[in-house]
Every structure is written in C-alpha cells, then in structure tokens.
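One gets the numbering used here by counting positions in the sequence shown from 1 and adding 8 to each.
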Amino acid sequence: MFSYIALADLIVSTFNLSRSFLAFFFLFSLSSTVTYIAMLPLISAKPQNLSPPLSFHFPLFPSSPTSPLSFHPPLKNTLRLRIRSIDAAQPYDYESLLRTQHFKSQSLKIAILGFGNFGQFLAKTFSRQGHTLLAYSRTNYADTAKSLGVTFYNNPDDLFESHPEVVILCTSILSTEKVLQTLPFQRLKRSTLFVDVLSVKEFAKTILLKYLPAEFDILCTHPMFGPESGKNSWNGLPFVYDKVRIGNEEDRISRAERFLDVFAKEGCRMVEMTCAEHDRHAAGSQFVTHTMGRVLERFGLESSPINTKGYDTLLDLVEVTAGDSFELYYGLFMYNKNAMEQLERLDMAFEAIKKELFGKLHHVYRKQLFGNADEGVEDRPKVQKLLHNGAPPSADAVKPETS
Ligand code: NAP
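Listed below in structure tokens is the structure:
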C-alpha cells in the first residue's frame with residue numbers, strides 16, 4: 009500500500025500533476041476495464057439463429073410514401089445491435105436542424121379540389137417535394153390518395169376546416185363554376201390563396217373573381233403539360249401564370265412565390281402573362297393540337313414497320329391527346345372564345361388543300377382527254393395560304409398558275 013502511495017508521489021512530482029487529476033485518471037481507467045470485462049460474453053458470443061439485425065430506414069421526406077420507417081422484429085437468442093447509419097442527424101447537429109427548418113418554411117399545406125387525372129398527376133410532384141397534401145373529389149379516391157401520401161376528405165367542409173394555405177382547383181372546365189358555387193368558403197382562413205389550373209384562363213379568372221370572397225388571393229395558372237407529356241420530367245415545359253389578386257402583405261407575396269417555386273424547382277419555363285393573352289396563344293396552339301390529335305385518332309393511325317420520323321410524331325400526338333378526357337377538349341372549345349375561329353380556319357385549310365389536289369387531278373384528266381388542244385386556256389388560280397384571320401386571300405393576291 010505504502011509503495012503505491014510512494015509511486016503516486018513519484019508520478020506527481022515527475023510530471024508536475026495534481027493528486028486529484030491522478031485520482032480521476034485512475035478511477036476512469038478502472039471503470040473502463042470493468043465495463044469491458046462485463047461486456048465480454050456479449051461481444052465474443054457466436055450468434056445463432058439470428059433474425060435480421062435491428063435497422064431503421066428514415067424516409068427522405070417525412071410524408072414520402074415510398075420510404076416508410078421500417079422496424080424489423082425483435083432478435084432471437086442473442087441480441088446483436090448493428091448501427092447501419094453512422095451519419096444519422098443528432099439533435100445537436102446544427103446543420104441538419106437548419107436544413108429541416110428551411111425545408112419546413114418552404115413547404116405548403118395544399119388542398120387539391122378535383123382529384124382526377126390532372127389532380128393526381130400534380131399530387132405526385134407536390135408530395136415528392138414534401139408539401140402537406142389534402143384532397144377532395146366527388147368520386148372516392150381514398151386508396152389512390154393514400155398511396156400518394158395525400159389525406160382524402162369525403163366532403164369539402166372537413167377539408168376546409170383543416171385550413172390549407174393553398175387551395176388548387178383541378179376540376180374540369182365545364183364543372184368548375186358549379187363546384188365553386190357549392191364550396192363552404194366560410195370555413196377557410198380569410199387569407200387563403202386560390203389557384204386554378206384550368207386550360208382556359210379568361211373564363212377561370214372571371215368565375216374566381218365572381219365567386220371567391222374578396223379577401224382571398226387568386227393565382228390563375230396553366231401548366232402547359234399533362235400526365236403524358238410531363239410523365240418523365242417537367243424540365244423546360246411552359247408554366248403560364250397570372251397573379252390576378254395577391255395581397256400586399258409580405259407573407260401573402262411569399263406564399264404565392266413559394267407555390268410558383270414548386271414548378272420553377274422542377275425546371276418549368278415560367279411565363280407570366282395575362283389570362284387574355286394566354287387564351288389567344290392557346291387557341292392557336294393547344295386547341296389546334298388537341299383537334300389534330302383527335303382527328304387522327306378517329307382516322308385510326310397505326311404503327312408500321314417502316315414508320316418515318318414524321319409519322320412517329322403523329323402517333324405521339326395521338327397518344328398524348330388520347331389520354332385527356334373529351335370533357336377537357338370540349339371545355340377548350342366552349343370556354344375559349346378564340347377556339348371557334350381556329351376550328352373554322354382548320355376546316356378551310358383542309359378544304360383548300362383538297363381543292364388544290366383535285367384541281368391538279370382535273371388538269372391531268374383534261375390533258376388525257378383533249379391533248380394539248382386547250383393549253384394556255386386553263387390558267388387556274390393557285391391556292392394561297394389562308395390569311396391570319398382565317399379569311400380566304402383577296403382576288404388581287406391570287407396569282408394565275410403558270411405551269
Ligand atoms: P377533366 O375531365 O377536365 O376533369 C376531371 C376532374 O373534374 C375530376 O377531378 C372530376 O372529379 C372533376 N369533375 C368533373 N365533373 C365534375 C362535377 N360535375 N362536379 C365535381 N367535379 C367534377 O380532366 P383532367 O385532365 O383531370 O383536368 C382537370 C383540370 O386540369 C381541367 O380544368 C383541365 O383543363 C386542367 N388541365 C389538364 C391538363 C391535362 O393535361 N390533363 C393540363 C393542364 C391543365 P371526379 O374524378 O371526382 O369525378
């Protein structure tokens with residue numbers, strides 16, 4: 009015993025240490041050794057009949073349905089704990105806390121009204137981005153909603169009482185006005201942001217201004233893509249929007265921006281334009297595209313072993329437009345005042361092409377029947393491109409055919 013005390017004195021004097029430090033060091037070493045000896049049977053025991061090790065998988069996003077928190081059953085015989093992730097975020101991990109806070113501050117509580125084809129398509133991306141999603145539709149989509157991480161409500165009252173920050177209208181063009189008339193707006197917060205995605209914009213703007221309480225913000229949008237054209241990525245696809253009525257408060261402005269950011273983050277080409285401007289452009293592009301797709305579908309295009317690139321493009325067009333409901337197409341026609349004019353132009357263009365073809369055929373027949381006898385007499389007018397407003401070209405503009 010005396011020799012230990014003498015040894016301790018020697019160490020203290022040699023290394024210039026305090027006695028209390030030496031005592032602490034001694035006790036620490038002793039407790040580590042005892043712990044190690046106690047754990048020895050556990051560490052060295054050979055596992056028998058082991059079930060899979062205890063493991064946790066954390067989802068990328070809290071609401072992600074694809075990566076649920078999984079827990080394997082308790083171990084048999086011997087307990088073996090294996091920590092698979094050494095980089096799990098700890099409560100004191102400041103970086104992860106900041107990331108979570110930023111993530112929460114960007115995420116929105118979004119209610120989708122009309123959970124059909126397009127509503128579900130949007131929900132997939134909203135959900136992947138980590139937004140909280142609620143939905144209501146006249147059809148019961150509870151199972152589909154669950155698989156997408158969306159809470160489904162059977163009536164709009166319950167949905168609105170959950171106080172979503174954003175309500176997005178994904179109902180058909182034809183039904184939207186009727187739907188708006190029945191919604192219990194009084195259950196929502198007065199600052200709610202209403203967004204629509206109708207493919208016709210002037211009509212949407214008019215009815216939203218007519219039926220929504222004056223306190224609500226209104227953002228009219230048209231994602232110019234759908235479940236077919238945007239199935240792989242939204243990158244580079246146009247997203248048209250018009251901030252019809254957004255309050256001056258900072259939180260209202262930032263909420264609208266955060267909603268638009270959902271699409272910007274996916275790489276959409278963000279185009280701000282008025283609803284009237286949108287309808288003018290869309291009638292000439294979208295309505296004509298849908299019409300040609302439907303005409304070719306009726307015509308019955310079929311793939312062949314020698315498809316040209318052009319023909320493949322036509323087949324793609326049929327596929328893209330066939331996925332959309334006829335109700336949607338009818339809505340484009342009914343509620344875009346420019347659509348009728350485009351339909352007439354298409355009709356006239358088709359007639360003009362037919363006329364040109366049959367005119368040439370007639371010429372060949374005449375030549376066969378009468379030889380060159382009437383050469384020079386048959387100076388037929390050449391068919392011109394239709395004027396932009398759909399009217400046929402004036403008589404002055406029609407040049408005689410020289411061939
Ligand atoms: P749609 O046929 O235009 O609309 C289907 C949706 O409307 C469903 O949610 C349906 O609800 C609801 N609906 C129809 N009639 C209703 C009624 N009488 N009462 C209540 N709800 C009714 O097809 P969609 O493709 O899903 O389009 C939805 C909206 O997105 C449309 O306004 C469309 O213009 C717009 N949009 C579509 C695309 C696209 O590519 N599909 C692209 C951009 C924008 P239930 O299913 O519950 O019956």
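Quick reminder that beta carbons are idealized off the backbone N, C-alpha and C, glycines included.
Nearest by alpha-carbon distance to His139: which of Asp269, His370, Ser312 and Lys363 is it? The residue labelled residue 139 in the question sits at position 131 within the sequence shown. For His139, the nearest C-alpha among the options comes from Asp269.
Starting from the Cα of Leu227, find the closest Cα among Lys239, Glu257, Ile261 and Leu245 and give me that residue. The sequence position of residue 227 within the sequence shown is 219, counting from 1. Looking at the Cα atoms, Ile261 is the closest of the given residues.
Run of the beta strand (DSSP E) containing Met356, from where it starts to where it stops: Here the question's residue 356 lines up with position 348 in the sequence shown. Element bounds for Met356: not the beta strand (DSSP E) but the alpha helix (DSSP H), Ala347 to Phe378.
Can you check whether the CB of Val158 is closer than 8 Å to the CB of Ser135? Start at 1 with the first residue of the sequence shown, and residue 135 comes out as number 127. Start at 1 with the first residue of the sequence shown, and residue 158 comes out as number 150. For Ser135 and Val158, yes; Cβs fall inside 8 Å.
Helix, strand or coil, according to DSSP, for Glu223 in the structure here? Start at 1 with the first residue of the sequence shown, and residue 223 comes out as number 215. Coil.
Is Gly138 a contact residue of the ligand NAP, with contact defined as CB to any heavy atom under 7 Å? Sequence index remark: in the sequence shown, residue 138 carries index 130 (1-based). No, the Cβ of Gly138 stays beyond 7 Å of every heavy atom of the ligand NAP.
Report the start-end ranges of each alpha helix (DSSP H) in the region 158-219 that is 4 residues or longer and not cut off at the edges. 164-169, 184-190 and 209-219
Leu245: which of Glu236, Lys251, Val252 and Arg253 sits nearest, CA to CA? Mapped onto the sequence shown, residue 245 falls at position 237. Nearest C-alpha to Leu245: Glu236.
Apart from the five residues on each side of it in sequence, which residues of its chain come closer than 7 Å, Cβ to Cβ, to Asn344? Translated into positions along the sequence shown, residue 344 becomes position 336. Hits under 7 Å: Val208, Asp287, Ala290, Ala291 and Phe295.
Please classify Met278 as buried or exposed, where buried requires at least 16 neighbouring CB atoms within 10 angstroms. In the sequence shown, residue 278 corresponds to position 270, counting from 1. It counts as exposed.
Suppose you measure from the CA of Tyr337 to the CA of Gly367; what does that come to, to the nearest Å? Within the sequence shown, numbered from 1, the residue matching residue 337 stands at position 329. Within the sequence shown, numbered from 1, the residue matching residue 367 stands at position 359. In a straight line, the C-alpha of Tyr337 is about 34 Å away from that of Gly367.
Just to check my reading of the structure: Leu130 and Cys178 have Cβ atoms closer than 8 Å, yes? What is that Cβ distance to the nearest angstrom? Here the question's residue 130 lines up with position 122 in the sequence shown. Here the question's residue 178 lines up with position 170 in the sequence shown. Correct: roughly 7 Å between the Cβ atoms.
Does the distance between the C-beta of Asn125 and the nearest non-hydrogen atom of the ligand NAP fall short of 7 Å? By one-based count along the sequence shown, residue 125 stands at place 117. Checking the Cβ of Asn125 against the ligand NAP gives yes.
Run through the DSSP bridge pairs and tell me what Ala264 is partnered with. For this step, residue 264 is matched to residue 256 along the sequence shown. In the DSSP assignment, Ala264 is bridged to no other residue.
Determine the direct distance from the alpha carbon of Val205 to that of Phe307, and round the result to whole angstroms. Locating residue 307 in the sequence shown gives position 299, counting from the first residue. Locating residue 205 in the sequence shown gives position 197, counting from the first residue. For Phe307 and Val205, the distance between alpha carbons rounds to 30 Å.
Own chain, CB closer than 8 Å to Gly331, minus 5 neighbours either side, in chain order: In the sequence shown, residue 331 corresponds to position 323, counting from 1. Closer than 8 Å at the Cβ level, and outside the excluded window around Gly331, lie Asn125, Gly234, Pro235 and Glu236.
Distance cut-off 7 Å: Ser135 Cβ against heavy atoms of the ligand NAP: As a first step, residue 135 is located in the sequence shown; it is residue number 127 there, counting from the start. No, the beta carbon of Ser135 sits no closer than 7 Å to any heavy atom of the ligand NAP.
Give a yes or no on contact between the region 191-204 and the region 343-357, applying the rule of three or more CB pairs nearer than 8 Å. no
If I measure Cβ to Cβ from Gln3 and keep anything under 7 Å in the same chain, skipping five residues before and after, which residues do I get? No information on residue 3 is available, as it lies outside the stretch 9 to 411 that the chain covers here.
Asp332 by DSSP, collapsed to three states: which one? Locating residue 332 in the sequence shown gives position 324, where the first residue counts as 1. Of the three classes helix, strand and coil, the one that applies to Asp332 here is coil, per DSSP.
Taking 7 Å as the cut-off, does the CB of His289 come closer than this to any heavy atom belonging to the ligand NAP? As a working note, residue 289 is residue 281 in the sequence shown. Flag unset: Cβ of His289 not near the ligand NAP.
In the DSSP output, what is Cys228 paired with across the bridge? Numbered from its first residue, the sequence shown carries residue 228 at position 220. According to DSSP, Cys228 bridges with Asp204 and Asp250.
Which of helix, strand or coil does DSSP assign to Tyr144? Here residue 144 refers to the residue found at position 136 when the sequence shown is read from its first residue. Note: Tyr144 maps to strand in three-state DSSP.
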